[in-house]
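**Student:**
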Amino acid sequence: MGSPLTLTIANCYMFFYEQQIIKQISNSGGLYFRYIDDIFIAINWPARHLFKQIDGWNHFDENIKLSKNIDSTADFLDLHIENQDGQLFTTIFQKASYEPYYLPFNSIHPLHMKKNIIFTMLFRAIRYCSSFQTYLNEREKLRMA
0 MGSPLTLTIA NCYMFFYEQQ IIKQISNSGG LYFRYIDDIF IAINWPARHL
50 FKQIDGWNHF DENIKLSKNI DSTADFLDLH IENQDGQLFT TIFQKASYEP
100 YYLPFNSIHP LHMKKNIIFT MLFRAIRYCS SFQTYLNERE KLRMA
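With numbering that gives the first Met the number 0, letter number 129 in the sequence shown gets 128, and the count goes up by one each step, no holes.
Printed below as a string of structure tokens:
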């Protein structure tokens, strides 16, 4: 077990570590997102140039190594992102081990908790799905669960 401050200190360090990276990405019109140890970058650079940049970023600190996964699709946290002819489309990402089991409605939990599960799942679908059709597909998956 680590110290309760470990995550905060790591985030503070990464804030300073990533400033040069963010500057390069934003100057080129790209997107940069980080959540703890997951980083998502979308940028219109040739793959060779991006590999060279990542190798350079890996030399900022020998203890931090950035890995690369370059593709037209990416899964970042619980979001599936797809690049279709320069446009980014998003849907909800679920791991292969995902099982759609929720709190049974006839459980003894308070009614507001049971309603909030449904509300939260639908609200997440509204926020994450970039088209109405993908939202409808996600809503149907929730209905069937």
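Beta carbons: idealized from backbone N, C-alpha and C, even for Gly.
1. To the nearest angstrom, how far is it from the Cα of Ala73 to the Cα of Gly29?
2. What does a CB cutoff of less than 8 Å around Gln93 pick up in its chain, not counting 5 residues either side in sequence?
3. Measure from the alpha carbon of Phe39 to the alpha carbon of each residue in Arg47, Asp54 and Ile21, then state which is nearest.
4. Consult DSSP for Glu137 and reduce its assignment to one of helix, strand or coil.
5. Within the segment 82-111, note down every full beta strand (DSSP E) run reaching 3 residues or more, in order along the chain.
6. Would Cys11 be called buried (16 or more neighbouring beta carbons within 10 Å of its own) or exposed?
7. Which residues in the same chain have their Cβ closer than 8 Å to the Cβ of Gln54, if we skip the five residues on either side of it in sequence?
8. Checking the sheet assignment: what are the DSSP bridge partners for Phe75?
**Tutor:** Taking the definition as stated:
1. 15 Å
2. Asp77
3. Ile21
4. helix
5. 86-91
6. exposed
7. The sequence shown places Asp at residue 54, not Gln. Closer than 8 Å at the Cβ level, and outside the excluded window around Asp54, lies no residue.
8. Leu78
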